[in-house]
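Number of protein chains: 2
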Amino acid sequence: MATGRTHRPATRSRGIPEATVARLPLYLRALTALSERSVPTVSSEELATAAGVNSAKLRKDFSYLGSYGTRGVGYDVEYLVYQISRELGLTQDWPVVIVGVGNLGAALANYGGFASRGFRVAALLDQDPALTGRTVAGMPVSHTDDLERIVTENGVSIGVITIPAGGAQQVCDRLVAAGVTSILNFAPTVLSVPEGVDVRKVDLSIELQILAFHEQRKAGEDATAPADLPAGPHTTPRKGPDGDVPAVMPA
Amino acid sequence: MATGRTHRPATRSRGIPEATVARLPLYLRALTALSERSVPTVSSEELATAAGVNSAKLRKDFSYLGSYGTRGVGYDVEYLVYQISRELGLTQDWPVVIVGVGNLGAALANYGGFASRGFRVAALLDQDPALTGRTVAGMPVSHTDDLERIVTENGVSIGVITIPAGGAQQVCDRLVAAGVTSILNFAPTVLSVPEGVDVRKVDLSIELQILAFHEQRKAGEDATAPADLPAGPHTTPRKGPDGDVPAVMPA
DNA sequence: ATGCCTTTGTGAACGCGTGCACAAAGATGG
DNA sequence: CCATCTTTGTGCACGCGTTCACAAAGGCAT
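Residue numbers (full-length UniProt numbering), protein chains in the order written: chain A, 1 to 251; chain B, 1 to 251.
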């Protein structure tokens, strides 16, 4: 969802499809769990089940990384953990700054899933003087004024924005200007960034709205609608059981 | 484990493609902002820019809802806000329970984006006796023991899980048994649910890992690798940078 | 009215992602 | 060493989603 316009060519990074990249962390998590249980090898079927995907898809995903399996046996867990970690860039250290130390920022700072991977919170930043100086998740909160210095000194390339929508673009601009090239945005806003900067967004409200849509549909099927509605003067009625849609015209 | 399996037919709900549904909240947000500025109409081009998408895509998305635009003019903002809200099911009230009142749960409870849409937090639940009885975001925290009662009494159909991975499946099962049919899962686990129950997941760690992948790739291109890899038996490398693909997907 | 200008709505082409189904590869036992 | 059995890796086909490009539709000025 990188915003910056840029009609993105759905780019397949380094030969590995985006969809596959998005699933690698899933496999990694499942593999890590197996590793902790000292399971030596795992079949595509087992691993797929654990990761919640189709086994054929999993095998195809792995095929993009190389042939790391043994036919008739399966995959070596430890080896695969390493390969995926390396592929994702988790074998190196990624200093991260979190801008905005509200509940969400604090939740992230406390989240164990970061440190266990290669992520290290280099700094927590907030604009509120009441927060700066205090300690959250064992780390001191710095003032946003020091953003540029902190990013530069720590070689931070990943920034997390957990402030209200209003100031997000400005903080984003400052992060980018300071050298950050990847941003995880929790603010409900479209961020525009220059070419070469990646933005991923997480919008809690949007997720709920999508659920509401499906929920409504379920309720509608069960109860209400008699399955076919009377007036549908609009575009050629498509196959689907659609219908509904009032004919009222805009002002 | 028999995870949700259910080779979901990429379900096109009610004729509206999933991908379109996922973008409707985006449009709605942009439209709401325009509405607050009392902008009467907007062209697909303007709205697309505001929402961070391609204008052709936006028009096609809207075409699934019906013909709500006026050629030569654009779309009536208020009217479109209403239509999308109705389509998403936001014109009705959705009671929601949040299970797990840690930082993340508290962040969600405080999030204004819910109330402004049709979402109402019916209850905050936590297992920790130290929390139950206390007030978070102006709401009392109830004990998880009361989950079933609260879900039933309030007719809750949407549940949010913000507890550690360990207890997620169990809470999920209880929610489903009590009547919840849509779940937003923040725990880093694959939840298995019966047919008919929707699960969407948000995994903060996964998002960062995806960013790390692209970050590593960028660094590799600039510095290390001689721009073309020796052993690259894979698909032809494409031009443009990054791609996107939400790490949030239907289970 | 008529013609021009703007913007929508959509047919069509294309590319990515998914899943099937099977041949190749390797382990294992006799 | 050979036969058999298991599981990988992948060619292929199909469907969804995206984008282009343009005809149709409506507003507006003359």
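All C-beta atoms, glycine included, are put in the ideal place defined by N, C-alpha and C.
In this chain, the beta strand (DSSP E) harbouring Tyr75(B) covers 74-76. Rounded to whole angstroms, the separation of the alpha carbons of Leu125(B) and Gly133(B) is 10 Å. Counting along the chain, the unbroken beta strand (DSSP E) around Ser182(B) starts and ends at 182-185. Closer than 9 Å to the CB of Val21(B) there is at least one CB belonging to chain A. Distance check between Val141(A) and each of Gly159(A), Glu148(A), Asn154(A), Ala122(A) places Ala122(A) closest, using alpha-carbon atoms only. Chain-ordered, the chain A residues with CB closer than 8 Å to the CB of Tyr111(B) read Leu204, Ser205.
Contact between the stretch 74-83 of chain B and the stretch 182-193 of chain A is absent: fewer than 3 CB-CB pairs across the two stretches fall below 8 Å.
In this structure, Leu108(B) places its C-beta atom within 9 Å of the C-beta atom of Val160(B).
Nearest CB-CB separation between Thr181(A) and chain B: below the 9 Å threshold. Relative to the Cα of Leu26(A), the nearest Cα in the group Thr41(A), Ala50(A), Ser44(A) belongs to Ala50(A).
Annotation: the continuous alpha helix (DSSP H) that includes Ile150(A) extends over 147-154.
Rounded to the nearest whole angstrom, the CA to CA distance from Asn54(B) to Ala48(B) is 6 Å.
Residues of the same chain with a CB within less than 7 Å of the CB of Thr41(B), apart from the 5 flanking positions on each side, are Val73, Gly74, Tyr75, Asp76, Val77 in chain order.
Taking C-beta atoms as the reference points, Pro95(A) and Gly167(A) fail to come closer than 9 Å. Chain A places no beta carbon closer than 9 Å to that of Ser44(B), leaving this residue out of the contacts.
In the three-state reduction of the DSSP assignment, Leu191(A) falls in the coil class.
Contact check for Val197(B) against Ile210(B) fails: the beta carbons are separated by 9 Å or more. Ranked by Cα distance from Leu34(B), the first of Met139(B), Gly69(B), Ala177(B), Leu80(B) is Leu80(B).
Taken in chain order, the complete alpha helix (DSSP H) segments of 4 residues or longer contained in the stretch 44-74 of chain A are 44-51, 55-65.
For Gln209(A), the C-beta contacts it makes with chain B under 7 Å involve Pro25, Leu88, Leu90, Arg117, in order along the chain. Sequence-distant partners of Phe119(B) (beyond 5 residues in either direction) whose C-beta falls short of 7 Å from its own C-beta, in its chain, are Trp94, Val96. Judged by beta-carbon spacing, Thr152(A) lies beyond the 9 Å limit of Val99(A), meaning their Cβ atoms are not closer than that value. Distance from the Cα of Arg29(A) is smallest, within the candidate group Asp128(B), Gly220(B), Leu204(B), for Leu204(B). In the structure shown, the three-state DSSP call for Gly100(A) is coil. For Arg29(B), no beta strand (DSSP E) run applies; the uninterrupted alpha helix (DSSP H) run containing it begins and ends at 18-36, by DSSP. Taking the CA atoms as reference points, Gly102(B) sits about 13 Å from Pro129(B).
In terms of Cα proximity to Ala106(B), the closest of Ala178(B), Val136(B), Ile84(B), Arg86(B) is Val136(B). The three-state secondary structure of Ile158(A), taken from DSSP, is strand. For Asp173(B), no chain A residue has a C-beta closer than 7 Å to its own C-beta; the minimum C-beta separation is roughly 16 Å. Remark: C-beta atoms of Gly89(B) and Arg23(A) do not approach each other more closely than 9 Å.
Residue environment for Arg71(A): exposed (fewer than 16 other C-beta atoms within 10 angstroms of its C-beta). About 7 Å separates the Cβ atoms of Arg174(B) and Glu148(B), confirming a contact at the 8 Å cut-off. Annotation: Cβ neighbours of Asn103(B) in chain A (cutoff 7 Å, chain order): Asn103, Ala106, Ala107, Asn110.
The beta carbons of Leu65(B) and Gln92(B) sit about 18 Å from each other, so the pair does not count as a contact at 8 Å. In the three-state scheme derived from DSSP, where H, G and I count as helix and E and B as strand, Asp173(A) is classed as helix.
Residue range 119-126 is occupied by the beta strand (DSSP E) that includes Ala123(A), with no alpha helix (DSSP H) assigned at that position.
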